[in-house]
Structure formats: structure tokens, C-alpha cells
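*Asks:* Chains as they are written, first to last, in my numbering: chain A, 1 to 349; chain B, 350 to 698.
Glycine is no exception: its CB is placed at the ideal position from the N, C-alpha and C atoms.
No experiment lies behind these values; they were computed from the predicted model shown.
Before I ask anything, here is the structure I am working with.
Structure follows, in C-alpha cells:
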């Protein structure tokens, strides 16, 4: 597959919250050649995101990015309020007119917008809405039970914990060791990074497990017999907004093992203090209980998000979780994914 | 609300499997005046469905039903194979041309069919696709936690157990006792029966909990403070196809209590022998464990589907479940919903 060259549209929003933008810059095989954010023009990407070592230029407008020969405009942040602002619309039309394709992870599909659709048609370029569900989905067939892979799903105590990142780090570490390994994307950022996948939260709820099954089948086609599939988790069983997506993904992907993701010190779910996060032991039991209806799958390791702790506090938190859960725990971004991968491989036997 | 007069289209399919047709005939306030099934023309509805005492005529075609002055054609069965057969298409166009509205619970929306849409436009009649999700859904707001009702959700060990019927029987019994009580529909048959609701399995999975929350809020508007809301359950937590819908509905409706529905003797899930049904005690624990992330909700009674057992065997099965679970159990269709309602009210305190 020929690599793309991304210019990322992140107008007035290029910071560490721009998850699709920074995810693609960190993990996609295709390079990012420029970022559009007029409020940060003249700087480099690494100035705005802790830990992102990048000298990719931030420019004011599409015209300034063309010198870097981009092939694809990626809409890297959702504009506040949902409606597409004029600045976005102008940049998208400019990009199409300059021969670029456009990729978008927005809830509202750009391809359905008459003006943008017409611009793409005139330019003979493509608008790819990464969240758009494929046709022909249905309930699972049971094919998920017969796929000859080692399928690992990330679950956790909340959303916004880095379940995708944990999968990507484990996948990279497995590949470094020469193992057949496939990252299986289930959300728009993962799809932008890997170039395939299904945004399972956009699928009608009747078919969410069927969509997950299809991803496992396709992961096997990509990785072959015996490959490790790292299924990007979504939400959590205890998250009152997204738990349906989580359980459909758990049952549809029929994992052999689970990696539990948590942020030490987080006491209530992301953005809603009405919902306390239960203890880790209890939550780990929840995952195993729910998984068993399809396949007995143990939690084999705990991945921790420790970026808000200093290094000593991070190591202490990891040691505490290891003691409390009797599982290997680590922060794969900060300290490498080696120990977590060892735990996954050792539990596979 | 003026009553409708239904003619139900159930071509070549009017038997006990025609769940929307028989559900509406049993429970809807609006009467059914005729059933269209040319293979059974000249009989009455009660001839084909055990326990349905009905002398509604079965006729060969729409023309034969007009004498009974229907106002609304209800597409009462999904045709095999998904594609709309010509006989259905003809009957729908005939109905619109004769001044009837059309209601459909099919997955494929009739209103999106150009020929049918045009026919409705010409006739000035309405096509209502009962499964079509309303606009403006989103994740829950937390309003579900503050609704001053007593909210009861039916859950169970499988799909196709009669969770809707259990709700309808409990609602009818509560109304007989003069209690403020609302049946809250979450699927197409329930919507056809009650004339409102959302088919939650047709909502994108990100918003299934938000749709359930909206239904609880609307149930309160209909029933008032202190009303009992009977939320129609969908699927089951252990059902690998539909568990995501089930958990989203559980968390989004935020019930105060659960009624668990089961068929004694059913050992594997409906239509798929790969998935054994665990023991009742274990499954009841699953519901309570998952509910607690939003609100602590006990299982307060067990409703049993015993229609395949003779009366003695049914009474024995009920006694066994009562002994095993220490909960009141009964078959509300066969023996009345009184004891189950007593259990719900007594647990409410």
C-alpha cells in the first residue's frame, strides 16, 4: 500500500486533546507533513503536545501546507458545537481543489454534505468518512469462535484511558520481536492510523457484535494463522453512556484474553462525577463474568496510564496494582510494552 | 387519541410466530378488524394462534378487508429473505390508494422506498416506520437518575421469552388496581401496540443508553410522578448477538428493580446451540452486578414462560424456581400477573 502524506486540519485546537491528530502523528505508517492551526502558525507540532517529539510545521492555512506535498487532508479534531465551521469548510474545499483526498472522523459525514460532495466530484477526489459503518452488517455468525488467532481485547475502568494506545504499543512490541501481530481498529482514530476498521459505536446496536466479529475475521486475513490480534477497546462495562458498545465488542470479538486499562487515582468516570469507579478487583471480575458467555477469557495484565504522576509515583502505583491484582502491571507508553507482552504470551502458553 | 382500526398484513405467515400481528391483536387499544393472509382466507384469526380468542376474519386481499373500514395497514410479519415481495408491495400501494395509513416494523424502511413513498405522497397518507430512530439522540444526560417514577425493567436468560408480554401483563394488572402505570416500548411490536416508543436496537450503539433515558423521561411525562414504568427488555446479557443492546438499555433506563424472565427447560439460547444458558442464580447475579454501575436494582420476581408445559408441569417448574431463587415466580400469561405485581410492589416498600 502506497503511503499517504497527511496534512492535518486542527484549527484552533492542536494540543494534546487532539487525539486523532496526535494518534496519527505518533502511530500511523503514513507521515504527517504539516498541521493547520492558524493560532499556532510558525511553531512545530512538538511544541504543543507533551512527549510528541516532532518538528512537523504548524501552518496557518492549506496554501502554506502545499509546499510539503500532502496527498490527504485529515480532519483531526471535531469542531465544538457539531456544526462544521466556515474555516473547516473552506480548508476542505481548498484541499479537494488542490488534488487532495479528505479523511474525516466526525460524527456528521462530510460525504453527505452537498457542497463538499459536489467539490469532491468536480475534483475527482475522495472523501472518506472514517466513522461510516460498512454495508451488509448483521448479528454474529459464530465465525468469531473459529478464527485461529490469539485475540486480545483491551477493556478498562473508564473511557479516555488510552485503550487504543495500549494496543498500538503492544502491537509494535510484538512486531519488534518478529511475531505476527495485527492492531484491530474499532474507532475513528484507530482507523485513521491503520487505514482499515469499523467505528463500532456508529453501528446500530443490533449489529455491534456482528461488526466486531467481522473485524476479527479481517484481522485474521491480515495476520494469518496464529497471529496476535489486538482489539482496540471502547468505553467500559461500568460506563453508563457506552457500556452497550463495550459489551457488544466483548462478545463479538470473542477474545481469548483481556488486558485491563486503568488510570491510578481516577475516582469517577471521565467528565461525570456522579459515577464512582469501583475497585479494580471488582471490575476485573465483571469483565471475566461477562466474557464467559462467549468464551472464558482471563484478564492477563493491567496497563496503567501514569502520565499525570511523576516517575517515582508511577512506579509506586504500578507496584501497588501488581500487589492488589496479582497481575503484571505497567505503563507501556512510559516504560515500554515488554513486560505486558511477556504476560500476554505467557498466559497464552 | 382516536383509535385506529387495523388491517394486518401477514401474507402466508399468520400463525403464532407472527409476533407483531398477535401482539397488536392481544394488547393494542386500537382494534384489528381483519388479517390478510390468502393462504388462510375464510377462517378467523383464533383458528391459527393457540390462546388467541378472536373471530377477526382472515381475508385474501386488501379489497376484502375494506368492508370492515380499516384506517391503518400494519405490516405484521417480516417477509423471509428481507426483500419486499410483490404481494406486500401491492397490498401497501392498494392500502394507501384506499386512504389507509401504513405502519411497518420491518428493518428496511418502507418510507425510503421510492415507489411506496410516491404512493403515500399521491394519496396524502402516512407511512410510519416503527423502527426508525428519532432524530437528536445522544448519550444520557443523567436525567434518568432523577425521574420520580418506579422504573422496572424486564431482563432474562435469552431473547424470545416474552419480556414485552410480561411488561404488558404487569401494566394491565397495575391499571386494574388503579395504579398509575405505563408500558414503555423498546421494540417495533411494543411501539405498534402502544403507539409510541423507540426501537433501541436500531439506534447507533453510542446512543442506545441515551435512547433508553429518553424513553424513561417520556414514560414519566405520560404516567406522572410515582407511576410505575414497565420497560420492555431486549435480548439478554448472556446473549452473544444482542448483549450490547441489553446492557445499554439497562444502564440507560436506570431501573429501580428488575423482573427476570426465563423459560424452564430451555438449555441453549434461541436458535444457537453453541451457547448454553447458565444457571438462574448466576444470571440473576449478572444483572445485579451490571445494574449497580448506575443504580442498585434487585431482581424482585421471576416471570416464567410455561406454554410448552402442561399445567401440572408448569406449577412444578414455578415451585422449583421459587425454591431455587427465593423469589416469587409465576407465569403471568397463564396464571395472571397478580403475584408478580405483589412482589414488585412489596419490594418497592
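1) Counting only Cβ pairs nearer than 7 Å, list the residues of chain B close to residue 286/A.
2) One question on the structure: do residue 294/A and residue 230/A come within less than 8 Å of each other, judged by their Cβ atoms?
3) Can you tell which of 222/A, 249/A and 110/A has the C-alpha that lies nearest to the C-alpha of residue 235/A?
4) At a CB-CB cut-off below 8 Å, which residues of chain A make contact with residue 549/B?
5) Does any residue of chain B have a CB that is nearer than 8 Å to the CB of residue 262/A?
6) Excluding sequence positions up to five away, which residues of its chain have a Cβ less than 6 Å from the Cβ of residue 348/A?
7) Alpha carbon to alpha carbon, how far is residue 58/A from residue 510/B?
8) Less than 8 Å between the beta carbons of residue 216/A and residue 181/A, yes or no?
9) According to DSSP, simplified to helix, strand and coil, what is residue 198/A?
10) Roughly how many angstroms separate the alpha carbons of residue 419/B and residue 453/B, rounded to a whole number?
11) Comparing C-alpha positions only, which one of 611/B, 491/B and 669/B sits nearest to residue 562/B?
12) Could you tell me which of 396/B, 381/B and 382/B sits nearest to residue 388/B, measuring between CA atoms?
13) Hey, would you say the C-beta of residue 503/B is under 7 Å away from at least one heavy atom of the ligand ZN?
14) Give the secondary structure of residue 139/A by DSSP, where H, G and I count as helix, E and B as strand, and everything else as coil.
15) Within this structure, are the beta carbons of residue 111/A and residue 129/A separated by less than 8 Å?
16) Determine the direct distance from the alpha carbon of residue 199/A to that of residue 13/A, and round the result to whole angstroms.
17) When you compare the CB positions of residue 501/B and residue 611/B, do they come within less than 8 Å of one another, or not?
18) Three or more C-beta pairs under 8 Å: does that hold for the segment 308-316 of chain A against the segment 281-288 of chain A?
19) Please name the residue or residues paired with residue 531/B in a DSSP beta bridge.
20) Which residue comes first and which comes last in the beta strand (DSSP E) that contains residue 642/B?
21) Excluding the 5 residues flanking residue 450/B on each side, which residues of the same chain have their C-beta closer than 6 Å to its C-beta?
22) List in chain order: all unbroken alpha helix (DSSP H) runs of 4+ residues lying wholly within the segment 110-179 of chain A.
23) Whose C-alpha, out of 523/B, 556/B and 371/B, is nearest the C-alpha of residue 296/B?
24) Where do the ends of the alpha helix (DSSP H) carrying residue 315/A lie?
25) Once the 5 residues before and after residue 87/A are set aside, which same chain residues still bring their CB inside 6 Å of it?
26) Mind checking whether residue 193/A and residue 28/A have CB atoms under 8 Å apart?
27) I need the boundaries of the alpha helix (DSSP H) containing residue 88/A, first residue and last residue.
28) Rounded to whole angstroms, what's the CA-CA distance from residue 686/B to residue 515/B? Just pull it up for me.
29) With a 10 Å radius around its C-beta and 16 neighbouring C-beta atoms as the bar for buried, classify residue 332/A as buried or exposed.
30) At a Cβ threshold of 8 Å, is residue 486/B touching chain A?
31) Just to confirm, are residue 537/B and residue 480/B a CB contact at a threshold of 8 Å?
32) Residues of chain A with a CB under 7 Å from the CB of residue 594/B: which are they?
33) Which term fits residue 225/A, buried or exposed, when burial requires 16 or more other beta carbons within 10 angstroms of its beta carbon?
34) Opposite residue 611/B in the DSSP bridges: which residues?
35) Using a threshold of 8 Å, state whether the C-beta atoms of residue 277/A and residue 158/A are closer than that.
36) Start and end of the alpha helix (DSSP H) containing residue 384/B?
*Replies:* With the given structure in hand:
1) 638
2) Residue 294/A places its beta carbon 8 Å or farther from that of residue 230/A.
3) 249/A
4) 205
5) no
6) Closer than 6 Å at Cβ, skipping near neighbours: 150.
7) 59 Å
8) no
9) coil
10) Going from the Cα of residue 419/B to the Cα of residue 453/B covers about 16 Å.
11) Checked all of 611/B, 491/B and 669/B; the closest Cα to residue 562/B is 491/B.
12) 396/B
13) The model depicted lacks the ligand ZN and carries no ligand whatsoever.
14) coil
15) yes
16) 23 Å
17) no
18) no
19) 578/B
20) Neither: residue 642/B is in no beta strand (DSSP E) and is coded neither H nor E.
21) 421, 474 and 475
22) 114-123 and 163-176
23) The structure shown does not extend to residue 296/B, since chain B spans only 350 to 698, so no value can be given for it.
24) 311-325
25) 11
26) Cβ distance < 8 Å, so residue 193/A and residue 28/A count as in contact.
27) 86-97
28) 8 Å
29) buried
30) no
31) yes
32) 205, 206 and 244
33) exposed
34) Answer by DSSP bridge pairing, in chain order: 653/B.
35) yes
36) Counting along the chain, residue 384/B falls outside any alpha helix (DSSP H), though it belongs to the beta strand (DSSP E) covering 381-385.
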